[in-house]
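Each number in our numbering corresponds to the 1-based position in the sequence shown with 20 added. Built from N, CA and C at the ideal position, the CB exists for glycine as well.
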Amino acid sequence: MKQFSLLLLISLFSLCLKAQTQQVLPWGDIPSPKHEVRAVWLTVIERLDWPRSTTAEAQKRELIETLDRLQQAGINTVLVHTRVRATTIYPSELEPWEGSFSGTPGKAPSYDPLQLCIDECHKRGMECHAWVVTIPIGKWNRIGAQQMRKKHPKLVKRIGEEAFMDPENAGTATYLAQLCREITHRYDIDGIHLDYIRYPEQWKIRVTRPQGRQYITNIVRAIHDAVKAEKPWVKMSCSPVGKHDNLTRYSAGGWNARTAVCQDAQEWLRQGLMDELYPMMYFQGDNFYPFAIDWKEQAHGRIVAPGLGIYFLDPKEGRWTLDMVEREMHMLRQLGLGHCYFRSRFFTENVKGVYDMGQRFDAIPALVPPMTWEGRPSPSAPTSLTLKGNTLSWSGAVDHSGAPYLLYNVYASEDYPVDINRAENLMSTRLMAHSLLVPARNMNYAVTAMDRYGQESPATQLLLNAGPEYAVPLITKSDGRPIALPAKGTMLDADFVIVETFTGQAIATYPYGPTLDVSALPDGMYQLRSLGRKGRNHRIGFFTKKTQPNT
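Here is the structure:
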């Protein structure tokens with residue numbers, strides 16, 4: 021069955037790609053989901069993305085401007101380079117400072133770049149994950165490798181001019197787990213993101229592939245256990261090679277995660293060692309679509325957000341066109357997968373219009389999918405919700421997860437009650453405060469509490485925009501006879517009334533009148549929406565139809 025579904029989907033997308041024009045996507049408008057990872061890698065090495073300046077204040081401004089741009093484009097997750105090449109962007113007790121900030125390797129800047137990034141991401145409702153490069157530790161004579169060789173000589177191997185941690189030495193797992201525990205313990209990070217958690221391509225693997233996979237998995241397990249012991253809500257993720265392994269009809273071309281470099285990422289999802297994956301899918305055509313489907317089919321209920329190689333849009337790097345990236349993003353959304361841009365600078369500098377496209381594609385905000393697999397109870401709803409002037413405020417909810425604090429999501433709509441399942445109603449996400457300034461216009465509001473696992477409480481609703489005569493929604497029962505509709509008065513633009521199921525599926529449309537004949541509808545519960553000349557619609561009520569049995 022797995023093989024059949026895979027081949028069927030491949031055939032479907034092959035037909036879609038052949039049918040595509042630059043203006044019209046064959047799959048049409050795909051609804052923007054409420055939950056979707058929209059991420060970016062923020063690279064520190066060689067100052068590729070950040071910092072570009074040499075002074076601390078200019079570096080801070082750079083980061084703030086970058087995060088503002090990312091927020092405006094709908095990004096909800098930032099993977100920030102934290103361990104670079106056995107060097108760090110925070111004051112570590114284990115490794116020397118990365119030199120990109122002070123200008124001198126090993127020398128501390130006047131501020132903590134990791135803390136700044138976490139704080140600024142959280143201010144903007146974005147998650148911040150510490151991106152940890154695991155096995156490579158840089159040039160043999162650079163500061164990171166030098167100090168590692170001095171402190172832990174048995175953990176380091178040399179290949180040419182490069183130094184690597186030995187994946188076959190149990191001490192490597194212990195050391196990397198200690199480093200990731202240090203980050204997790206000291207910082208309010210949302211995730212630990214492992215990069216290069218595999219054998220180096222230069223390494224001559226002399227053990228069997230199953231043994232090699234076991235060595236790498238041992239490192240992953242050690243880090244997972246260390247991180248989760250500190251803060252179980254911190255997400256574990258990695259960026260595997262973009263093709264997990266050969267497929268039945270599509271070859272990985274000799275370069276894949278599981279066989280070539282012993283990186284068994286799909287098994288890590290199955291075992292619960294990873295909460296999410298960011299496969300580096302920097303490919304096109306048959307090297308992308310079949311393998312994206314494979315990641316989806318083997319997600320085991322976890323999160324997958326393929327990395328997109330937007331650096332190939334730069335003429336210096338490749339010959340990609342913008343429509344290539346857009347096609348991949350539409351396909352990923354249809355599969356229910358997220359997306360991650362590599363790298364930040366190519367995105368924020370709008371190479372070939374990629375920022376403009378991304379801003380349109382992610383115009384409606386999204387929350388990161390909740391970690392339901394952790395089995396934690398959801399928080400209770402906020403206890404009250406009021407609006408005074410332009411300040412919407414609420415009381416704190418109760419968290420049952422054991423995390424240190426709750427976050428809050430605010431929804432707004434002209435309809436009442438506000439539908440919190442519709443992404444377009446999201447107004448502000450991951451707020452740490454208990455208040456929010458809102459526009460001075462009549463809207464209805466809803467607020468939910470959200471724990472650090474991303475699980476939401478029921479919504480607390482506030483009715484402010486009752487509208488005209490239909491202010492109190494119709495809630496009635498029918499035994500098959502006509503039901504009375506609210507009077508239109510002078511303000512309600514309603515030519516038709518739409519009957520929908522509770523999942524939002526329209527099943528009938530009638531002219532708007534004083535009554536509605538529901539005799540032809542099957543028994544059940546329904547909601548009603550008005551539809552006006554300008555295409556606007558409002559929920560006007562609910563009804564239950566239950567036909568009385570003949571007596």
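Return the chain-ordered list of same chain residues with a C-beta closer than 8 Å to the C-beta of residue i, the five sequence neighbours on each side being excluded.
{"i": "Phe-366", "result": "Ile-330, Tyr-331, Leu-333, Asp-334 and Val-374"}
{"i": "Leu-451", "result": "Gly-145, Leu-427, Tyr-428, Asn-429 and Val-430"}
{"i": "Ser-477", "result": "Ser-398, Pro-399, Ser-400, Ala-401, Pro-402, Ala-417, Thr-468, Ala-469 and Met-470"}
{"i": "Gly-48", "result": "Here the model assigns Gly-48 a pLDDT of 48, short of 50, so the residue's position is not dependable, and the following value carries that caveat. Around Gly-48: no qualifying Cβ."}
{"i": "Leu-342", "result": "Leu-333, Lys-372, Gly-373, Val-374 and Met-377"}
{"i": "Arg-322", "result": "Leu-289, Met-294, Asp-295, Glu-296, Leu-297 and Trp-393"}
{"i": "Pro-53", "result": "Arg-353, Gly-356, Ala-386 and Ala-443"}
Kindly indicate which three-state DSSP category residue i falls into: helix, strand or coil?
{"i": "Leu-352", "result": "helix"}
{"i": "Tyr-530", "result": "strand"}
{"i": "Met-377", "result": "helix"}
{"i": "His-149", "result": "strand"}
{"i": "Glu-520", "result": "strand"}
{"i": "Ile-384", "result": "coil"}
{"i": "Asn-307", "result": "helix"}
{"i": "Pro-156", "result": "strand"}
{"i": "Ala-504", "result": "strand"}
{"i": "Met-470", "result": "strand"}
{"i": "Ile-236", "result": "helix"}
{"i": "Asp-132", "result": "coil"}
{"i": "Gly-561", "result": "strand"}
{"i": "Cys-258", "result": "strand"}
{"i": "Met-168", "result": "helix"}
{"i": "Glu-346", "result": "helix"}
{"i": "Tyr-331", "result": "helix"}
{"i": "Ala-183", "result": "strand"}
{"i": "Asn-410", "result": "coil"}
{"i": "Tyr-546", "result": "strand"}
{"i": "Glu-296", "result": "strand"}
Report all residues from its chain with a CB closer than 7 Å to the CB of residue i; omit the five preceding and five following residues, and keep chain order.
{"i": "Val-418", "result": "Pro-399 and Ser-400"}
{"i": "Arg-144", "result": "Leu-87 and Gln-91"}
{"i": "Asp-537", "result": "Pro-502"}
{"i": "Thr-567", "result": "Asp-499, Gly-500 and Asp-543"}
{"i": "Gln-231", "result": "none"}
{"i": "Leu-483", "result": "Tyr-436 and Asn-464"}
{"i": "Glu-594", "result": "With the chain covering 21 to 571 only, the question about residue 594 has no answer from this structure."}
Going along the chain, which residues of its own chain have a beta-carbon closer than 6 Å to the beta-carbon of residue i, five neighbours each way excluded?
{"i": "Ala-504", "result": "Thr-535"}
{"i": "Leu-456", "result": "Leu-412, Val-430 and Ser-448"}
{"i": "His-244", "result": "Met-256 and Leu-293"}
{"i": "Ser-364", "result": "Val-60, Leu-62 and Asp-69"}
{"i": "Arg-105", "result": "Ile-157, Gly-158 and Gly-164"}
{"i": "Cys-360", "result": "Ala-59, Tyr-298, Ala-325 and Gly-327"}
{"i": "His-320", "result": "Leu-289 and Arg-290"}
{"i": "Arg-353", "result": "Ile-50"}
Is the beta carbon of residue i sitting closer than 9 Å to the one on residue j?
{"i": "Gly-100", "j": "Leu-68", "result": "Before going further, note that residue 100 is Val rather than Gly in the sequence given. No, the pair does not count as a contact, with Cβ atoms beyond the cut-off."}
{"i": "Val-592", "j": "Leu-541", "result": "Outside the displayed span of the chain (21 to 571) sits residue 592, for which this structure offers no information."}
{"i": "Leu-405", "j": "Gln-475", "result": "no"}
{"i": "His-558", "j": "Ala-514", "result": "yes"}
{"i": "Glu-82", "j": "Trp-70", "result": "yes"}
{"i": "Glu-434", "j": "Asn-462", "result": "yes"}
{"i": "Asn-464", "j": "Asn-485", "result": "yes"}
{"i": "Ser-120", "j": "Ile-109", "result": "yes"}
{"i": "Pro-125", "j": "Thr-97", "result": "no"}
{"i": "Cys-258", "j": "Val-247", "result": "no"}
{"i": "Asp-314", "j": "Arg-233", "result": "no"}
Since residue i and residue j are thought to touch, with beta carbons under 8 Å apart, how far apart are those beta carbons, to the nearest angstrom?
{"i": "Glu-296", "j": "Ala-325", "result": "7 Å"}
{"i": "Ala-59", "j": "Gly-358", "result": "7 Å"}
{"i": "Val-64", "j": "Glu-118", "result": "6 Å"}
{"i": "Arg-229", "j": "Thr-268", "result": "Rounded, the Cβ-Cβ distance is 19 Å, inconsistent with contact."}
{"i": "Tyr-219", "j": "Val-261", "result": "That pair is no contact at about 11 Å."}
{"i": "Val-438", "j": "Ala-386", "result": "At roughly 17 Å, the Cβ-Cβ gap does not stay under 8 Å, so Val-438 and Ala-386 are not in contact."}
{"i": "Asp-382", "j": "Gly-94", "result": "3 Å"}
{"i": "Gly-356", "j": "Lys-316", "result": "7 Å"}
{"i": "Thr-154", "j": "Ile-217", "result": "5 Å"}
Just checking residue i against the ligand FAD - is the residue's beta carbon closer than 8 Å to any of the ligand's heavy atoms?
{"i": "Arg-353", "result": "The ligand content of the structure shown is nil, which means the ligand FAD is not present either."}
Between residue i and chain D, is any beta-carbon pair separated by less than 9 Å?
{"i": "Glu-369", "result": "This model lacks chain D altogether; it includes just one protein chain."}
Validate contact between the segment 157 to 165 and the segment 433 to 447 using beta carbons, cut 8 Å, 3 pairs
no
Three or more C-beta pairs closer than 8 Å, one from the segment 165 to 174 and one from the segment 213 to 230: is that the case here?
Touching, no, given that fewer than three Cβ pairs across the two stretches are closer than 8 Å.
Assess, as a yes-or-no matter, whether the segment 380 to 395 is touched by the segment 114 to 123 under the definition of 3 or more beta carbon pairs within less than 8 Å.
no
Under 8 Å, with one C-beta from each stretch per pair, do the segment 119 to 135 and the segment 176 to 195 reach the 3-pair mark?
no
Could you check whether the segment 249 to 269 touches the segment 181 to 192, counting it as contact only if at least three pairs of C-beta atoms, one from each stretch, sit closer than 8 Å?
Under the 8 Å Cβ criterion, the segment 249 to 269 does not count as touching the segment 181 to 192, having fewer than three qualifying pairs.
Quick one: any contact between the segment 194 to 207 and the segment 268 to 282, if contact means 3 or more CB pairs under 8 Å?
no
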